[in-house]
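A.B. asks:
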Amino acid sequence: MKYFFIVFIFLFSATGIAAAQDFVTRGKIEYEVKRNNKRMYTAQQRAENQWISALPEFDISYRDLIFSWNQSIYQWGRKGNSEQVYNNEIAAYINLDKQQIIKKQRFFDDYNLLEDSVKKIKWKFENETRKIAGWECRKAVGRIYDSIYVVAFYCPEIVPQGGPELFTGLPGMILGVAIPRYYTTWFATKIEIANIDETKIIPPVIKKGKLYSKKELADILLKKYKEAGWWKDVTLEKVLENISGYIL
């Protein structure tokens, strides 16, 4: 009986170790960002603007997320068919332990460093599951800016609670996001878990300038927008929402 008990404990421990080894804490994820241009613009806008009617049905670009435990860097990936100007200078560093984000963004042809906090999203879990890039994911629905719904698919096997566009807060890495109001999706196409260059997971830097808080940068941009005169109804609240939006 004693021998059986020892063998049982050994087998149970070995099984537990093997299961624990299945969980991923480091890796690199490529996301395909797809925007539906036909839904994004009205028929009247397409008729009145030749450049809009010339756009492909879907605008496709790519982003990379390199992560190690609770730190990650989110940046441009390979080129797609997107009309956006490719800019691999723009990036965001996320530290979930400190609930901190440091973003390098471009406004008025100048690069700025912005320190912000991680978005707080109230997620509601649903029963639906789907496979994304070969990984089993579970569905959750959240809301941002009070009225914009977000559909996310997260993978519990990938432990860090990150995701594209700074979405966090689910019990596993977010591999898929859809925002119906913006006709845009972010879905993982490739996941690497070996030979990850963790030296890239550092805050972005700029040659000149300083690290601004969100309020400090918003005050500077508000003044510039008013001087430029092309954003007629600009307010501090609108600028704050603008710089808090998508990083890339």
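Counting in the working numbering, the final residue of the sequence shown is number 382, and the numbers go up one at a time with none missing. All residues carry an ideal CB built from backbone N, CA and C; glycine is no exception.
Taking the alpha-carbon positions, what's the R264 to A312 distance?
C.D. replies: 14 Å
A.B. asks: Could you say which of Y208, K162, Y316 lies nearest to Y283 if we only look at CA atoms?
C.D. replies: Y316
A.B. asks: Looking only at DSSP bridge pairs, what is A312 linked to?
C.D. replies: Bridge partners of A312 according to DSSP: V285, T319.
A.B. asks: Apart from the five residues just before and just after I266, which ones in its own chain have a Cβ nearer than 8 Å to its Cβ?
C.D. replies: The residues are F287, C289, L309, G310, F321, A322.
A.B. asks: Taking contact to mean at least 3 C-beta pairs separated by less than 8 Å, is the segment 222-235 in contact with the segment 203-211?
C.D. replies: yes
A.B. asks: What separation, rounded to the nearest whole angstrom, lies between the Cα atoms of I448 and W257?
C.D. replies: As displayed, the chain neither begins before 135 nor continues past 382, which places residue 448 out of reach and without an answer.
A.B. asks: Which parts of the segment 160-244 are runs of the alpha helix (DSSP H), unbroken and 4 residues or longer, counting only runs that do not cross its ends?
C.D. replies: 171-174, 177-182, 184-187
A.B. asks: With DSSP as the reference, label N376 as helix, strand or coil.
C.D. replies: helix
A.B. asks: Expressed to the nearest angstrom, what Euclidean distance is found between the alpha-carbon atoms of G214 and K168?
C.D. replies: 10 Å
A.B. asks: Return the CA-CA distance between G363 and E291, expressed in angstroms with no decimal places.
C.D. replies: 50 Å
A.B. asks: So I354 is in the alpha helix (DSSP H); what residue range does that whole segment cover?
C.D. replies: 348-362
A.B. asks: Which residue marks the beginning of the beta strand (DSSP E) containing I278, and which one marks its end?
C.D. replies: 269-278
A.B. asks: Can we say the segment 155-165 touches the segment 326-340, given the rule of at least three CB pairs closer than 8 Å?
C.D. replies: yes
A.B. asks: Cβ of S251 within 7 Å of Cβ of Q233?
C.D. replies: Yes, these two residues count as a Cβ contact at 7 Å.
A.B. asks: Give the single residue among I335, A181, K172, P305 whose Cα lies nearest to the Cα of T235.
C.D. replies: Strictly speaking, residue 235 in this sequence is Ile, with Thr absent from that position. With distances taken between Cα atoms, I235 lies closest to I335.
A.B. asks: Can you check which of these residues, K372, V368, L345, is closest to L248 by C-alpha distance?
C.D. replies: L345
A.B. asks: Alpha carbon to alpha carbon, what distance is there between I163 and I200?
C.D. replies: 6 Å
A.B. asks: In whole angstroms, what is the alpha-carbon distance linking Y165 and S187?
C.D. replies: 26 Å
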